[in-house]
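In UniProt numbering, the protein residues as written are 1 to 435.
As structure tokens, then:
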């Protein structure tokens with residue numbers, strides 16, 4: 001295990017992973033993070049299996065899980081990962097008796113996110129590294145940070161999962177072999193996000209708010225937040241979406257991931273072309289796009305989409321309206337969520353330890369064409385009172401049944417290969433097992 005503080009910050013590429021796991025008698029987890037192709041590691045995660053529970057809860061402690069994806073540096077991701085849960089449990093709404101008063105807990109989540117954001121806006125969080133928003137005016141170590149981060153947290157007891165999310169890191173629950181999103185990505189193309197931004201007089205250009213950021217809710221990012229605006233009136237706001245999900249007997253495991261993982265676990269080119277056929281069957285988005293002339297000319301719009309290269313497909317996507325763009329995004333979101341489910345379940349069927357599953361999923365993301373970002377994953381088995389060994393036996397039986405008479409496949413190929421050197425998941429697992 002490599003301590004996160006010792007991960008290389010200078011080499012071009014680093015596949016070393018910081019991996020940890022624990023069990024407190026009720027909850028078990030494994031987590032891993034990797035810098036990958038990025039020049040610095042800006043992801044952070046936090047787990048506390050014995051966080052004091054709100055008054056009125058069925059138990060005295062809850063399990064807390066969080067992933068934080070930093071940008072413009074790691075300072076705020078580090079600060080939020082070490083601070084947010086402490087701010088949450090200190091909230092007056094959290095410490096009051098919440099029996100039958102779920103509104104209070106939602107306020108506690110919101111207030112804790114706002115408090116972290118206020119710390120940044122009021123310059124109480126100082127940069128841990130040299131940060132650049134403008135190359136001509138870099139921030140020095142010890143200056144007020146200009147960094148930002150996503151924040152996705154889950155608070156769990158034996159009967160329910162509370163999630164609070166700002167940004168595009170995800171929490172997913174896998175129920176009966178299907179991915180159930182516990183969070184929704186905050187993108188300016190979401191209709192309610194677009195409306196909020198535009199109604200406040202801000203704008204979106206080329207998919208980015210104020211032409212700067214492509215996620216519509218974050219902590220920090222003082223460069224596009226204004227002191228004379230309340231949190232809900234900002235172009236990029238810090239207020240989380242809060243959701244409660246009852247735990248069902250069909251629930252298998254929960255995963256929290258940063259976007260570096262889910263971005264990698266999909267075939268973006270195939271999804272884009274197939275999605276365009278659905279959201280714009282008339283081909284209006286092809287204006288200004290040169291369909292390649294090699295081979296026979298396309299007989300219809302669907303064939304024209306199939307002939308697009310990646311660059312022209314991106315131009316076509318940029319020609320879509322907001323509603324079409326979000327419909328395309330939702331298709332890709334659902335696909336990558338299910339791919340995550342399938343990959344983890346396949347590893348469980350091989351009876352890999354949870355820690356090894358985390359590391360193999362990150363390595364698998366690296367083998368996929370779009371696995372270019374920092375990657376972080378937390379896996380939480382939903383034990384339903386079982387021991388870990390009983391949970392594995394239950395899961396393996398379910399997975400085998402889901403594949404039917406064909407059985408669990410021996411190979412699990414990459415979604416969009418990098419080419420030479422890319423490894424299928426089965427090859428990665430074999431290497432991890434020393435085969």
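All residues carry an ideal CB built from backbone N, CA and C; glycine is no exception.
Keeping to the same chain, check which residues put their C-beta closer than 8 Å to that of residue 343; ignore five residues upstream and five downstream. 265, 361, 364, 412 and 425
Option nearest residue 49 by Cα separation, candidates 28, 43, 38 and 59: 28
Going by alpha carbons, who is nearest to residue 279 out of 331, 195 and 26? 331
What is the C-beta distance between residue 238 and residue 246, in whole angstroms, given that I count them as a contact (C-beta under 8 Å)? 27 Å between Cβ atoms; not a contact.
Could you tell me which residues DSSP puts in a beta bridge with residue 13? Beta-bridge pairing links residue 13 to no other residue.
DSSP puts residue 179 in a beta bridge; with which residues? 174
Three-state secondary structure assigned by DSSP to residue 410: coil
Please state the DSSP three-state secondary structure of residue 272. helix
On the DSSP bridge assignment, give the partners of residue 149 in chain order. 70 and 219
Sequence-distant residues of its chain with Cβ nearer than 6 Å to residue 254 (five each side left out): 173 and 380
For residue 439, the three-state DSSP class (helix, strand or coil): Within the shown structure, residues of the chain are numbered from 1 to 435, placing residue 439 beyond reach of any answer.
Distance check for residue 434 and residue 326, CA to CA, integer angstroms please. 43 Å
Throw me the rounded Cβ distance for the residue 311 and residue 273 pair, which I believe falls under 8 Å. Contact flag wrong, Cβ pair sits at about 13 Å.
Pick helix, strand or coil for residue 87, following the three-state DSSP scheme. helix
Same chain, Cβ closer than 8 Å to residue 127, neighbours up to 5 away in sequence not counted: 73, 75, 139, 140, 141, 142, 143, 144, 145, 146 and 147
Can you confirm whether residue 252, when its beta carbon is compared against all beta carbons of chain C, has any partner nearer than 8 Å? Protein chain content of the structure displayed is limited to a single chain, and chain C is not contained in it.
Please state whether the Cβ-Cβ distance between residue 62 and residue 157 is less than 8 Å. yes
For the ligand COA, is there a heavy atom less than 7 Å away from the beta-carbon of residue 284? Annotation note on the ligand COA: not contained in the displayed structure, which lists no ligands.
Which residues does DSSP pair with residue 165 in a beta bridge? 152 and 241
Taking the straight line between their C-alpha atoms, what separation do you get for residue 87 and residue 112? 6 Å
Beta strand (DSSP E) segment containing residue 322, residue limits: Counting along the chain, residue 322 falls outside any beta strand (DSSP E), though it belongs to the alpha helix (DSSP H) covering 322-349.
Run through DSSP, which three-state label would residue 256 get? strand
I need the straight-line Cα distance from residue 122 to residue 207, nearest angstrom please. 28 Å
Provide the residue span of the beta strand (DSSP E) that contains residue 36, from first to last. 28-36
Label residue 286 either buried or exposed according to how many other C-beta atoms from any shown protein chain fall within 10 Å of its C-beta, with 16 as the threshold for buried. buried
Look up residue 103 in the DSSP assignment and give the residues it is bridged to. Looking at the DSSP assignment, residue 103 forms no beta bridge with any residue, so it has no partner.
What did DSSP end up calling residue 48 once you bin it into helix, strand or coil? strand
Give every residue of the same chain whose Cβ lies closer than 6 Å to the Cβ of residue 348, excluding the five residues on either side of it in the sequence, and list them in chain order. 395
Tell me the rounded alpha-carbon separation between residue 257 and residue 171. 7 Å
In whole angstroms, give me the CA-to-CA distance for residue 317 and residue 276. 8 Å
Report the rounded CA-to-CA distance for residue 64 versus residue 30, giving the unit in angstroms. 13 Å
On the DSSP letters alone, give me the boundaries of the beta strand (DSSP E) that residue 380 sits inside. 375-381
Cα-Cα separation between residue 8 and residue 37, rounded to whole angstroms: Bear in mind that the predicted position of residue 8 carries a pLDDT of just 44, short of 50, making it unreliable; the figure below should be weighed with that in mind. Whole-angstrom Cα-Cα distance: 11 Å.
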